[in-house]
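2 protein chains.
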Amino acid sequence: MFQIALDILTKQEAKELLTPKMLNTVDIVEIGTPLIIRYGLSIVEQIKDWIKGDKILFADTKIADAGHWETCEAISSGANMVSVLAGASFNTLEEVRDATQLNQAKMVVDIIDLSLSDESKIKFINTLNPDYLCIHLATDVVKKGGSLLEFSRQLSFVSSRRLPLMVAGGIHPQNLLDILKNIQPAVVVAGSSITKASDPELEAQNMRRIIDETILY
Amino acid sequence: MFQIALDILTKQEAKELLTPKMLNTVDIVEIGTPLIIRYGLSIVEQIKDWIKGDKILFADTKIADAGHWETCEAISSGANMVSVLAGASFNTLEEVRDATQLNQAKMVVDIIDLSLSDESKIKFINTLNPDYLCIHLATDVVKKGGSLLEFSRQLSFVSSRRLPLMVAGGIHPQNLLDILKNIQPAVVVAGSSITKASDPELEAQNMRRIIDETILY
Chain A
27 MFQIALDILT KQEAKELLTP KMLNTVDIVE IGTPLIIRYG LSIVEQIKDW
77 IKGDKILFAD TKIADAGHWE TCEAISSGAN MVSVLAGASF NTLEEVRDAT
127 QLNQAKMVVD IIDLSLSDES KIKFINTLNP DYLCIHLATD VVKKGGSLLE
177 FSRQLSFVSS RRLPLMVAGG IHPQNLLDIL KNIQPAVVVA GSSITKASDP
227 ELEAQNMRRI IDETILY
Chain B
27 MFQIALDILT KQEAKELLTP KMLNTVDIVE IGTPLIIRYG LSIVEQIKDW
77 IKGDKILFAD TKIADAGHWE TCEAISSGAN MVSVLAGASF NTLEEVRDAT
127 QLNQAKMVVD IIDLSLSDES KIKFINTLNP DYLCIHLATD VVKKGGSLLE
177 FSRQLSFVSS RRLPLMVAGG IHPQNLLDIL KNIQPAVVVA GSSITKASDP
227 ELEAQNMRRI IDETILY
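Sequence lines, in order, name chains A and B. The working numbering numbers the first residue of the first sequence as 27 and each following residue consecutively. The working numbering numbers the first residue of the second sequence as 27 and each following residue consecutively.
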């Protein structure tokens, strides 16, 4: 699946990006953490309203505590998927899993804050069986030249392919094919490569075509 | 210093808690992550307006990425202190340090998501010299019987006392004295023990008295 991430944007910019053509090109609309902290979870309701409720909405809540409450709050705002940080406590991760399952929503564990030496946490996450494990390189690292593909090579989550993978962090048409072939993700996330493009619809369609061709042939 | 944390509350409940007596009892008002994700950062502006701007405001943003942007967004909403997760990337932690210093705000590194085996991260945080290091046990762990004091015994941040410490997670009048004596924190945070008390002002005053007596004598 293909996901557009709406991050450092105003409400108006987010609305203008969600054209019918864009919505035909993506499967999932991510309401990024910056939008959530700027506007609160009511932005999820508003986006659901704009797009007439026919797309999967992922609220990138990056939950670190209060797992049950924050999950339920995001779901009641209209989210179908929520994220929890891999670094969160075992209890928090369990609360998010239980609350998403109870509400027929999907749980994304984001490894943006995971210490790769933490064997017990990696084992626990595998046991927890989240719907998606997000291989995520921070945008602050991408800006400094970090590579998602190099990062992914260190990860047993990638080599084992036990969990469905989401990939995020500096993905654009030029590195997409390599990422698809090497990581075989279930969900590809693109943020600023689409939202800052001179023609966002065209950029999204280019990435969509690469994804479809790689999966089909 | 003594800090009240406003977490899982409605805007109205938060407002009712911030009486003149409460504001005379605490030094710092924390706008907790649940309030921020529920209402967005405009809740910081509103609280600043209610309390006439004479208290330190801590926005518990728990930044995991987009360090510069999220820090500036919180500060421009009126926050004097922001938090970043210990699990965040080195680049993100650096961005938050730079943005807080540039804006005369304080940086809190929250170890709620830190893997205690991550020696390189612990070393990096010490080098970074944040204004406060928050020894934080997740509320989801406290609910299951976790103890802040036991948790703190495993931490070199506590034994070395290199950085000013903030302590949070299940602190109430009964365990406060032990926490003060053993951890010697610069900031004590109390959330639900005050906000869910039958008499929140009295509970806060009790804790304030214990803090003042322990520091003075």
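From the three backbone atoms N, C-alpha and C, an ideal C-beta is built for every residue, glycine too. Predicted model, so just to flag it, every value in this text is computed and none were measured.
The way I'd put it, the segment 95 to 109 of chain B doesn't touch the segment 136 to 155 of chain A; fewer than three beta-carbon pairs between them come closer than 8 Å. A straight line joining the alpha-carbon of Ile161 (chain A) with that of Arg179 (chain A) spans about 11 Å.
Runs of the alpha helix (DSSP H) lying entirely within the segment 98 to 158 of chain B and spanning at least 4 residues, in chain order: 116 to 128 and 145 to 154.
Approximately 33 Å separates the beta-carbon atoms of Asp139 (chain B) and Ala223 (chain A); this is outside 8 Å, ruling out the contact. Between Asp166 (chain B) and Gly217 (chain A), the CB-CB gap reaches or exceeds 9 Å. For the set B:His198, B:Ile205 and B:Leu159, the Cα lying nearest the Cα of Glu176 (chain B) is the one of B:Ile205.
For Val215 (chain B), the three-state secondary structure derived from DSSP is strand. If you check the CB distance, Ile30 (chain B) and Val55 (chain B) come in under 9 Å. Looking at the DSSP output, Leu191 (chain B) bridges to B:Leu159.
The beta carbon of Asp33 (chain A) sits closer than 6 Å to those of Gly58, Pro60 and Gly217, all from its chain and outside the five residues before and after it, given in chain order. Taking a C-beta cut-off of 7 Å against chain A, the contacting residues of the segment 65 to 96 of chain B are Tyr65, Gly66, Leu67, Thr87, Lys88, Ala90, Asp91, Ala92, Gly93, Trp95 and Glu96, listed in chain order. Ranked by Cα distance from Ile101 (chain B), the options A:Ser182, A:Ile63 and A:Ser173 are led by A:Ile63. For Asp166 (chain A), the nearest CB of chain B lies under 9 Å from its own CB, placing it at the interface with that chain. The C-beta distance from Ser219 (chain B) to Ile197 (chain B) rounds to 6 Å, short enough to fall under 8 Å. Per DSSP, the continuous alpha helix (DSSP H) segment holding Val168 (chain B) begins and ends at Thr165 to Val168. When Cβ-Cβ separations below 9 Å define contact, Lys41 (chain B) makes no contact with chain A.
Between the C-alpha atoms of Gly195 (chain A) and Glu39 (chain A) there is a straight-line separation of about 21 Å. Spatial neighbours of Ala164 (chain A) in its own chain (CB-CB distance under 6 Å, excluding positions within 5 residues in sequence) are listed in chain order as Ile138. Excluding five sequence positions before and after Glu99 (chain B), the CB atoms of its chain that fall closer than 8 Å to its own CB belong to Leu67, given in chain order. Taking the beta carbon of Ser182 (chain B) as reference, no residue of chain A falls within 9 Å; the closest one sits roughly 15 Å away.
Taken through DSSP and simplified to helix, strand or coil, Val70 (chain B) comes out as helix. The Cβ atoms of Ile209 (chain B) and Val168 (chain B) do not sit closer than 9 Å to each other. Cβ-Cβ separation between Leu189 (chain B) and Leu159 (chain B): approximately 4 Å, consistent with a contact (criterion under 8 Å). Rounded to whole angstroms, Lys81 (chain B) and Phe116 (chain A) show a C-alpha spacing of 35 Å. In terms of CA proximity to Val135 (chain B), B:Leu119 leads the group B:Leu119, B:Ser141, B:Gln127 and B:Asn129. Annotated as proximal: Leu202 (chain B) and Met233 (chain B), with beta-carbon spacing under 9 Å. The Cβ of Pro156 (chain A) sits no closer than 9 Å to any Cβ of chain B. About 15 Å separates the beta carbons of Ile151 (chain B) and Ala90 (chain B), which is beyond the 8 Å limit, so they are not a contact pair. By the rule that beta-carbons nearer than 9 Å mark a contact, Gly113 (chain B) touches chain A. A buried status is given to Thr51 (chain A), since no fewer than 16 other beta-carbon atoms sit within 10 Å of its beta-carbon. Distance from the CA atom of Lys132 (chain A) to the CA atom of Gln231 (chain A), rounded to whole angstroms, is 26 Å.
Taking the Cβ atoms as the reference, Ser141 (chain A) lies roughly 7 Å from Lys147 (chain B), within the contact range of under 8 Å.
In its chain, beyond the 5 residues on either side, Leu83 and Gly104 have a beta carbon closer than 7 Å to the beta carbon of Lys74 (chain B). Ile77 (chain A) and Leu49 (chain A) do touch by the CB rule: their CB atoms are close to 6 Å apart, below 8 Å. Val213 (chain B) and Leu128 (chain A) have their alpha carbons spaced roughly 38 Å apart. For Phe28 (chain A), the closest of A:Val215, A:Gly79 and A:Asp86 by C-alpha to C-alpha distance is A:Val215.
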